[in-house]
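Note sheet for the following structure.
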Amino acid sequence: MTAAAHCIFCDLIQGAAEVSICYEDAEAIAFMDIQPVNPGHVLVVHRHHYEGLHDLPRDLGMHLLEVAMRLASVVKTATECPGMNMVVNSGAAAGQDVFHYHVHLIPRREGDGFDIPLPFPGSEMPDRTLLDAMAARIIAVLRDPMRDPAPRPAPAVSR
Ligand code: 5GP
Ligand code: ZN
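Number 375 in this note's numbering belongs to position 96 of the sequence shown; there are no gaps in the numbering.
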């Protein structure tokens with residue numbers, strides 16, 4: 280966890296700017312996105328500043344996911360939207376704009392104009408040997424005991 284030079288989400292969490300909170304607990308806060316794809320677009324964040332998937336402790340990430348899972352059905356009921364995207368953008372190359380890790384819950388309707396175009400148009404299925412080679416590479420990294428000897432514990436919460 281590194282201190283951000285300036286982080287709008289830290290400002291919101293510390294009460295320094297207006298925010299519409301729909302859920303909070305000791306670790307997590309969820310609030311309404313100010314530029315929603317559809318009404319009910321929620322962001323789930325940790326109270327402490329973590330930038331992305333690379334520095335978020337695994338247990339905190341699991342908690343944010345659990346909160347997002349709980350809220351997904353609640354938001355669906357509240358908005359009566361038939362669909363939902365749960366999205367994480369981690370890193371500028373992945374489209375992250377606010378560098379305080381967050382999970383988007385985006386209620387979706389047919390024809391709302393938003394799109395996560397998968398399968399990726401224009402991407403052709405690689406040769407099976409390339410898919411197998413990449414799978415083997417991932418398995419090798421997973422099995423490397425020096426890579427991630429233990430899940431990173433979350434720091435004690437001080438307040
Ligand atoms: P990202 O592109 O980082 O995944 O998404 C950042 C999200 O934060 C965007 O959907 C954007 O609308 C939202 N956002 C940016 N600034 C604020 C703000 O000041 N308040 C709230 N509630 N949401 C914000
Ligand atoms: Zn922050």
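No residue lacks a Cβ here, since even glycine has one placed at the ideal position from N, Cα and C.
Closer than 8 Å by C-beta to residue i: which residues in its own chain qualify, once you throw out the five before and the five after it? Chain order, please.
| i | result |
| --- | --- |
| N317 | T358, C360, I385, P386, R387, R388, D391 and F393 |
| G331 | S369, G370, Q375, F378 and Y380 |
| S402 | none |
With residue i as the anchor, note down where its alpha helix (DSSP H) starts and where it stops.
| i | result |
| --- | --- |
| C289 | I287 to I292 |
| L339 | R337 to T358 |
| V443 | Absent from the structure is residue 443, since the part of the chain shown begins at 280 and ends at 438. |
Quick one: is residue i buried, meaning 16 or more other Cβ sit within 10 Å of its Cβ, or exposed?
| i | result |
| --- | --- |
| I292 | buried |
| G374 | exposed |
| H320 | buried |
| M404 | exposed |
| L350 | buried |
| V420 | exposed |
| M363 | buried |
| R409 | As written in the sequence, residue 409 is Leu, which differs from the Arg given in the question. Classification of L409: exposed, given that the 10 Å Cβ count is below 16. |
| L397 | exposed |
For residue i, collect the residues of the same chain with a Cβ closer than 6 Å to its Cβ; drop the 5 residues on either side in sequence, then sort them by chain order.
| i | result |
| --- | --- |
| R438 | Confidence in R438 is poor, its pLDDT being 44 and thus under 50, which makes the residue's placement too unreliable to answer from. |
| V366 | H383 |
| L335 | Y329 and Y380 |
| D312 | H320 and L322 |
| V298 | L291 and F310 |
Please indicate yes or no: does the CB of residue i lie closer than 7 Å to some heavy atom of the ligand ATP?
| i | result |
| --- | --- |
| H328 | This structure simply doesn't include the ligand ATP; it includes the ligand 5GP and the ligand ZN instead. |
How far does the beta strand (DSSP E) with residue i in it extend, from its first residue to its last?
| i | result |
| --- | --- |
| V324 | V321 to H325 |
| P400 | From DSSP, P400 is part of no beta strand (DSSP E); its letter is neither H nor E. |
| N368 | Segment: none, N368 is in no beta strand (DSSP E) and carries neither H nor E. |
| H383 | H381 to R387 |
| Y302 | I300 to E303 |
| F310 | A307 to M311 |
Short of 7 Å in beta carbon distance, which residues of its chain neighbour residue i, apart from the five on each side in sequence? Order them along the chain.
| i | result |
| --- | --- |
| C301 | A309, F310, M311 and V321 |
Does the beta carbon of residue i come closer than 8 Å to any beta carbon on chain D?
| i | result |
| --- | --- |
| A357 | Included in the structure is just one protein chain, with no chain D present. |
Determine contact between the region 334-352 and the region 282-294, defined as no fewer than three beta-carbon pairs at a distance below 8 Å. no
Given 8 Å, three or more beta-carbon pairs between the region 324-342 and the region 298-309: yes
Which residues are close to the ligand 5GP, meaning CB closer than 5 Å to any heavy atom, in chain order? I287, D312, I313, Q314, N368, Q375, D376 and V377
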